[in-house]
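Taking it in order: structure first as structure tokens, then the write-up.
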Amino acid sequence: MQPKHLCFFNTNRPWGGGEQWHLTNALMARDHGYRVSVVANEGSVLAERIAAAGIPLHTPRLGGLSFLNPAAMTGLVRFFRREAVDAVLLCLPRDVKAGGVAARLAGVPDIIYRRGIAVPVRNRLSNRLLYGRVITKLIVNSLETKRCVLAENPRLIDDARIHLIYNGFDAAAFDARESRPLLARRPGEIVIGNAGRLTPQKGQRLLLDAAALLKARQAPPFRVLIAGAGELEAELKAQADRLGLNDAVEFVGFVQDMKAFHQSIDIFALPSLWEGFGFVLAEAMCLGLPVAAFNVSSIPEVVEHGVTGLLGEPTPEALAENLLKLMRDERLRRTLGEAGRKRLLARFDVNSTFDSLTACLRA
């Protein structure tokens, strides 16, 4: 009997949690005997990592309006038929429009949209058709993501077709990876780290404002490392300069080795205004780092306030207050960090979340 062919379909060019999910589960599926292929945009970080892993890669030129391009759609239909795809797992809304519709036309039995953003789905005719007649199953990565999907139309998709699967994290592989801290420590300095795309959603503006408050409140010596690239890079650097933070804030760009980044810090700060899951939280928790974040969106599903981290209102003042508590109390940092690692292993282990994915495929 031929193994089931899973096609992971993700046309995003930057790297983020969705790309990590597709890479992790493509590797897991291959290791569990599935036939696996990936559709990604040429030159994307995901395409590079899939190619390096030796997984068959298809790189058509796809953009936001590819679903209106007859040549692009015909190419996708032919690909799905030629490769006898049994299930396609889609990442972005535009992937649903192009890859999902093409898969439906090609007769792919299972068309699964894995939604990883906790923002509402508009109650439009196009979305009602996609969720009602194209998608066979919907994977959400948090209860908050599910709530947002149904916020404008509770009947958009039957509850029986929705599968809650948290992001899985391979702690054993992360632990085993050889790595060295990115930067040398300064004596007596506490390092606060943040990683993510430099966009309004990720809240780095608020983190810089909080850092300015820490300086004004005579916090212990500290440095803020910000990893990532994005549209706000120039603006954020100008903000740091305006706030007099050039000696306390360092922008390190896109970081390939996130273990090295987390080994360089004492506290992980996540000032995101919303998250589907927040994969960087899992990386920080794996290394036993305490977390300071906002009590918004899906973050409380990952970080338990007062147990694995400190959550507060989405303001610079609240973030600065929680960071200051952690900076001044080494024992609290250690206690929260140890509890965070235990929570990660208990709730977000990659083997258990992959079991949930295989159950979804069988449903």
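Residue numbering for the sequence shown follows this note's numbering, starting at 330 and increasing by one per position. Yeah, the Cβ is synthetic: ideal placement off N, Cα and C, and Gly gets one too. All values derive from a computational prediction rather than experimental measurement.
Could you tell me if residue i is buried or exposed, where buried requires 16 or more neighbouring beta carbons within 10 angstroms of its beta carbon?
i, result
"residue 553", "buried"
"residue 497", "buried"
"residue 361", "exposed"
"residue 575", "exposed"
"residue 488", "exposed"
"residue 473", "buried"
"residue 394", "exposed"
"residue 407", "exposed"
"residue 570", "exposed"
"residue 691", "exposed"
"residue 602", "exposed"
"residue 560", "exposed"
"residue 645", "buried"
"residue 651", "buried"
"residue 278", "Residue 278 cannot be examined here, being either before or after the span of the chain that is shown, 330 to 692."
"residue 413", "exposed"
"residue 506", "exposed"
"residue 392", "exposed"
"residue 484", "exposed"
"residue 345", "buried"
"residue 447", "buried"
"residue 675", "exposed"
"residue 545", "exposed"
How about residue i and residue j: do their beta carbons lie closer than 9 Å?
i, j, result
"residue 539", "residue 600", "yes"
"residue 531", "residue 557", "yes"
"residue 668", "residue 639", "no"
"residue 534", "residue 478", "no"
"residue 402", "residue 434", "yes"
"residue 587", "residue 612", "yes"
"residue 618", "residue 595", "yes"
"residue 417", "residue 429", "yes"
"residue 568", "residue 508", "no"
"residue 341", "residue 366", "no"
"residue 616", "residue 578", "no"
"residue 627", "residue 605", "yes"
"residue 581", "residue 512", "yes"
"residue 523", "residue 486", "no"
"residue 589", "residue 510", "yes"
"residue 436", "residue 396", "no"
"residue 363", "residue 335", "yes"
"residue 597", "residue 521", "yes"
"residue 349", "residue 677", "no"
Take residue i and list the residues in its own chain whose beta-carbon comes closer than 7 Å to its own, dropping the five residues that flank it on each side.
i, result
"residue 388", "369, 370, 371, 376"
"residue 693", "With the chain running from 330 to 692 in the structure shown, residue 693 is simply not present."
"residue 686", "354, 494"
"residue 469", "444, 475, 478, 491, 493"
"residue 347", "339, 341, 420, 445"
"residue 315", "Residue 315 falls outside the range modelled here, since the chain spans only 330 to 692, and no answer is possible."
"residue 632", "610, 620, 622, 638, 640"
"residue 528", "559, 560, 561"
"residue 382", "356"
So, for residue i: in the same chain, excluding its five sequence neighbours on each side, which residues have a beta-carbon less than 6 Å away from its beta-carbon?
i, result
"residue 456", "450"
"residue 459", "425"
"residue 550", "517, 518"
"residue 481", "449, 452"
"residue 637", "665, 668, 669, 672"
"residue 338", "368, 417, 419, 424, 428"
"residue 649", "539, 542, 543"
"residue 464", "440, 442"
"residue 526", "557, 559"
"residue 432", "409, 417, 440"
"residue 399", "none"
Closer than 8 Å by C-beta to residue i: which residues in its own chain qualify, once you throw out the five before and the five after it? Chain order, please.
i, result
"residue 384", "355, 356, 359, 365, 366, 367"
"residue 689", "441, 466, 468, 492, 494"
"residue 681", "497"
"residue 634", "624, 640"
"residue 661", "619, 654, 655"
### Whole runs of the beta strand (DSSP E) within the region 598-676, excluding any shorter than 3 residues
620-623, 638-641
### Minimum length 4: unbroken alpha helix (DSSP H) runs contained in the region 346-428
346-360, 374-382, 399-411
### Task
Return the chain-ordered ranges of every alpha helix (DSSP H) run that is complete within the region 535-579 and spans a minimum of 4 residues.
562-571
### Message
My parser needs the alpha helix (DSSP H) runs of 4 or more residues fully inside the region 448-526; what are they?
### Response
454-458, 472-479, 500-505
### Query
Given 8 Å as the limit, is there contact between the region 647-659 and the region 498-515, that is, 3 or more CB pairs closer than that?
no
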